[in-house]
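Numbering (UniProt numbering), first residue to last: 1 to 144. Cβ atoms here follow ideal geometry from the backbone N, Cα and C, with glycine treated the same way. All of these numbers come straight from a predicted model, not from anything done at the bench.
Below is the structure:
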């Protein structure tokens with residue numbers, strides 16, 4: 001997959017920092033490559049639901065935003081992506097010290113992109129796949 005914007009990594013990093021909710025939750029950008037983005041979250045008590053499991057909403061937001069960032073690596077500087085569809089499967093209870101998300105673009109089209117996001121719970125360096133999402137994003141002209 002070839003980026004259409006030579007400064008794709010800087011654009012993704014800047015847009016990531018501008019997402020106030022994402023920054024408030026605490027997600028961190030780990031790596032940015034054409035069609036692939038990785039993020040992480042150090043899990044805090046505020047990320048847990050009442051049973052001590054990492055909240056599905058925390059996982060879903062991570063999968064969505066990481067997926068959008070991956071799609072954003074393959075668009076032009078004059079474009080943006082916006083989620084139009086999202087399906088998530090919780091595979092097991094998410095318990096760990098951190099979450100790691102890897103998003104890979106499956107299809108980068110002119111009007112739609114499809115991305116797969118995998119979320120892993122990490123405990124003492126051991127990863128377990130806890131959820132998987134398919135994110136469909138519209139490719140739109142950037143609003144000025």
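Take residue i and list the residues in its own chain whose beta-carbon comes closer than 8 Å to its own, dropping the five residues that flank it on each side.
{"i": "residue 199", "result": "The structure shown does not extend to residue 199, since the chain is modelled only from 1 to 144, so the question has no answer here."}
{"i": "residue 151", "result": "Because the chain here runs from 1 to 144, residue 151 falls outside it and cannot be looked at."}
{"i": "residue 163", "result": "The requested residue 163 does not occur in the structure, where the chain is confined to residues 1 to 144."}
Going along the chain, which residues of its own chain have a beta-carbon closer than 6 Å to the beta-carbon of residue i, five neighbours each way excluded?
{"i": "residue 133", "result": "63, 88 and 117"}
{"i": "residue 42", "result": "98"}
{"i": "residue 72", "result": "12 and 81"}
Return yes when the Cβ of residue j is within less than 7 Å of the Cβ of residue i, no when it is not.
{"i": "residue 137", "j": "residue 80", "result": "no"}
{"i": "residue 66", "j": "residue 103", "result": "yes"}
{"i": "residue 100", "j": "residue 40", "result": "yes"}
Spatial neighbours of residue i within its chain, please: CB distance less than 7 Å, with the 5 preceding and 5 following residues excluded, ordered by chain position.
{"i": "residue 129", "result": "91, 118 and 120"}
{"i": "residue 70", "result": "35, 36, 37, 103, 104, 105 and 115"}
{"i": "residue 15", "result": "72"}
Helix, strand or coil for residue i per DSSP?
{"i": "residue 38", "result": "strand"}
{"i": "residue 28", "result": "strand"}
{"i": "residue 43", "result": "coil"}
{"i": "residue 19", "result": "coil"}
Taking only beta-carbon positions, decide if residue i is within less than 7 Å of chain B.
{"i": "residue 90", "result": "The chain inventory of the structure shown lacks chain B, comprising one protein chain alone."}
For the structure I just gave you, are there three or more beta carbon pairs, one from the segment 53–65 and one from the segment 73–93, closer than 8 Å?
yes
Can you list, in chain order, the stretches of the alpha helix (DSSP H) that have 4 or more residues and sit fully within the segment 52–128?
56–72
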